[in-house]
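Engineer: When we follow this note's numbering, the leftmost residue of the sequence shown carries the number 9, and every step to the right adds one.
Just so you know, even glycine gets a beta-carbon here, dropped at the ideal spot from N, CA and C.
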Amino acid sequence: MSSHAFGAFISMEGSTAAGSHELPEAPQKAVPRTYHSVPHTPDIELDNIQWGTKLNGQTKSGTATPSGTQTPRVTNDLEMSRQVTPVVEDEGVDALQSFSNPPINRFRMLTVCLLNFTNGLSDSAPGALIPYIEKYYNIGYAIVALIFVTNAIGFISAAFIVDALRAKVGRARSLMTAQTFMLLGYIAIVCTPPFPVVIVSFFFLGFGMAINLALGNTFAANLQNGTTMLGAMHGSYGLGGTIGPLIATAMASSGGLIWSRYYLLPLCMSAIMIVQAGWSFWNYEIDSDHSLLTTIERTASQAQNGGISNQFADMAKAFRSKTVILGALFIFAYQGAEVSISGWVISFLIATRNGDPSRVGYVTAGFWAGVTLGRFVLSHPAHKIGEKLFVYGMIIGAGVFELLVWFVPNIIGDAVALSIVGLLLGPIYPCATHVFSRLISRKDQVSSMSIISAFGSSGGAVAPFTTGILAQAAGTFVLHPIAIGLFCVMTASWFSLPSIRKRTE
9 MSSHAFGAFI SMEGSTAAGS HELPEAPQKA VPRTYHSVPH TPDIELDNIQ WGTKLNGQTK
69 SGTATPSGTQ TPRVTNDLEM SRQVTPVVED EGVDALQSFS NPPINRFRML TVCLLNFTNG
129 LSDSAPGALI PYIEKYYNIG YAIVALIFVT NAIGFISAAF IVDALRAKVG RARSLMTAQT
189 FMLLGYIAIV CTPPFPVVIV SFFFLGFGMA INLALGNTFA ANLQNGTTML GAMHGSYGLG
249 GTIGPLIATA MASSGGLIWS RYYLLPLCMS AIMIVQAGWS FWNYEIDSDH SLLTTIERTA
309 SQAQNGGISN QFADMAKAFR SKTVILGALF IFAYQGAEVS ISGWVISFLI ATRNGDPSRV
369 GYVTAGFWAG VTLGRFVLSH PAHKIGEKLF VYGMIIGAGV FELLVWFVPN IIGDAVALSI
429 VGLLLGPIYP CATHVFSRLI SRKDQVSSMS IISAFGSSGG AVAPFTTGIL AQAAGTFVLH
489 PIAIGLFCVM TASWFSLPSI RKRTE
């Protein structure tokens, strides 16, 4: 069919004014649909999506395509007229990072493990070095136990500032500050100063440890498979605790070196970790400290969380939390038992079992080897079984083998039983930390976990100090009833914890 045939059906009209070829305007809306009281979303959202705390269902403007772009959603009259539903923070679904996503998390996890490894080197050494410290300064149990007291004061002091410090300078600079304090403490100890200076130096060690422990716990607990990550982190502490007494005993007994020279090792580690922690956590807030929020919501959140007064308000709120109080009591008893056993079992074997200091000094290494093995091997089964039930079994088993150490008059048997006590105590800390993180809201975790870590870890000073005072008066056997009593406190506080509320989408 020719083009002339189609022409019969088409009517061509020219414009009335020559040269005027304007496009027709869109018709006016009969009823405007713009209401100032109702928030509107653009057709295409260009909001940056970042790792964050909650993933509250679908995005506001519709559904996401596999490529990550947003398709606009048509809002009907009913939706336009209703009130905006507030989002409750605890009703979201956790959007957790993993060990490998983002990739820098591999190095961050390595950093917190090395930090805890250094803490283990520091905490485990006094048990093996106490006989040499007493001899060098000509002091008794009660005086040498003061190092545990100042260490606890450092932990407690850090609890009041760690969250405000993190909010002010960021996680990387907070960790660098913590390691700087520890470095100063080690430098003073290595110089073998008068004993009062040694006592003050342990304050700096406790202060720095409290900061890196609180920040490390919150980082590892909020990764996928948090119990396993915490097991690796605190297993590194046990690894340092295993190596520490071996090196300390060898240097002080066989090497003929002054007891203080041992602290050259954690001194070097702290210097390295200042650089490592700063590099790996430098952009941590950009990667993971925000929610999946709109730009306006993020700006408001940053303004709200940035004030130091808000951080102290969060700290006061944490002190009123049942979970925080019971968690601090639990860790107080746990750390008290762990450090008391590590710190005084050598003195018990020397005084009560007539052991040779150059040989029984290695028994502490067996205890920390058990702790390390327990944290690396038993943390994953604990997650499968259930942390709450698993911890009960570990506490009861540790109490039974502690009784064997007390009543079996054989050094080899005591050493084996003590290693099993360490094996059973090992996974308790990471399991407990994971449970606490599930019971505490994400935004309160740093302040709450710093209180639990600081006041809880003060048990690692109060209990050994009490043991030293009583050992001076009655004998070193008092270690065992104190440890078993602390196991009972752990059981009672664990039983009193609230149940974990399962979140739903």
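#1: Note down, in chain order, each residue of its chain lying with its Cβ closer than 8 Å to the Cβ of Arg116, except the 5 sequence neighbours on either side.
#2: Mind checking Tyr400: buried by the 16 CB within 10 Å criterion, or exposed?
#3: Using the three-state DSSP reduction, which class does Gln232 fall into: helix, strand or coil?
#4: Measure the alpha-carbon distance for Glu97 versus Gly128 and round it to whole angstroms.
#5: Since Arg383 is in the alpha helix (DSSP H), which residue starts that stretch and which ends it?
#6: Can you find the residues in the same chain that come closer than 7 Å, C-beta to C-beta, to Phe495, ignoring five residues on each side of it along the sequence?
#7: Helix, strand or coil, according to DSSP, for Met217 in the structure here?
#8: Measure the C-alpha to C-alpha separation of Ile349 and Val416 and round it to an integer number of angstroms.
#9: Would you kindly report the start and end of the unbroken alpha helix (DSSP H) that includes Phe503?
#10: Checking 7 Å against the spacing of the C-beta atoms, do Met190 and Leu213 come in under that value?
#11: Taking only runs that begin and end inside the segment 410-452, name each unbroken alpha helix (DSSP H) of 4 or more residues, in chain order.
#12: CB-CB under 7 Å to Thr200, same chain, minus the five flanking residues each way: which ones, in chain order?
#13: Would Cys439 be called buried (16 or more neighbouring beta carbons within 10 Å of its own) or exposed?
#14: Taking the C-alpha atoms as reference points, what is the distance between Ile419 and Tyr149?
#15: Between Thr331, Val368, Tyr437, Ser466, which has its C-alpha nearest Ser449's C-alpha?
#16: Have a look at Met217 and Val206 and give me their C-alpha separation to the nearest angstrom.
#17: If I measure Cβ to Cβ from Val443 and keep anything under 6 Å in the same chain, skipping five residues before and after, which residues do I get?
#18: List the whole-angstrom C-beta distance separating Gln343 from Ser465, where the pair is believed to meet the contact cut-off of C-beta under 8 Å.
#19: Under the assumption that Phe375 contacts Phe485 (Cβ atoms under 8 Å), give the Cβ distance between them as a whole number of angstroms.
#20: Might you give, ordered along the chain, the residues of its own chain that have their beta carbon closer than 7 Å to the beta carbon of Gly243, omitting 5 neighbours on each side?
#21: Touching or not, the segment 143-159 and the segment 473-481, by the rule of three or more beta carbon pairs under 8 Å?
#22: What residue range is occupied by the uninterrupted alpha helix (DSSP H) comprising Arg179?
#23: Mind checking whether Ile155 and Phe210 have CB atoms under 7 Å apart?
#24: Starting from Met259 and walking both ways along the alpha helix (DSSP H), at which residues does that stretch end?
#25: How many whole angstroms separate the CB atoms of Ala390 and Thr235, which I take to be in contact at a CB cut-off of 8 Å?
Structural biologist: Based on what the coordinates show:
#1: Phe227, Ser288, Phe289, Tyr292
#2: exposed
#3: coil
#4: Any answer about Glu97 is weak, because its pLDDT of 44 lies below 50 and its placement is not dependable; what the coordinates show is given next. Looking at the two C-alpha atoms, the distance is approximately 37 Å.
#5: 371-385
#6: Ala345, Ile403, Ala406, Gly407
#7: helix
#8: 16 Å
#9: 487-504
#10: yes
#11: 419-433, 436-447
#12: Ile266, Ser268
#13: buried
#14: 22 Å
#15: Thr331
#16: 17 Å
#17: Glu395
#18: 5 Å
#19: That pair is no contact at about 17 Å.
#20: Thr380, Arg383, Phe384
#21: yes
#22: 170-198
#23: yes
#24: Where Met259 is concerned, there is no enclosing alpha helix (DSSP H), given that its DSSP letter is neither H nor E.
#25: 6 Å
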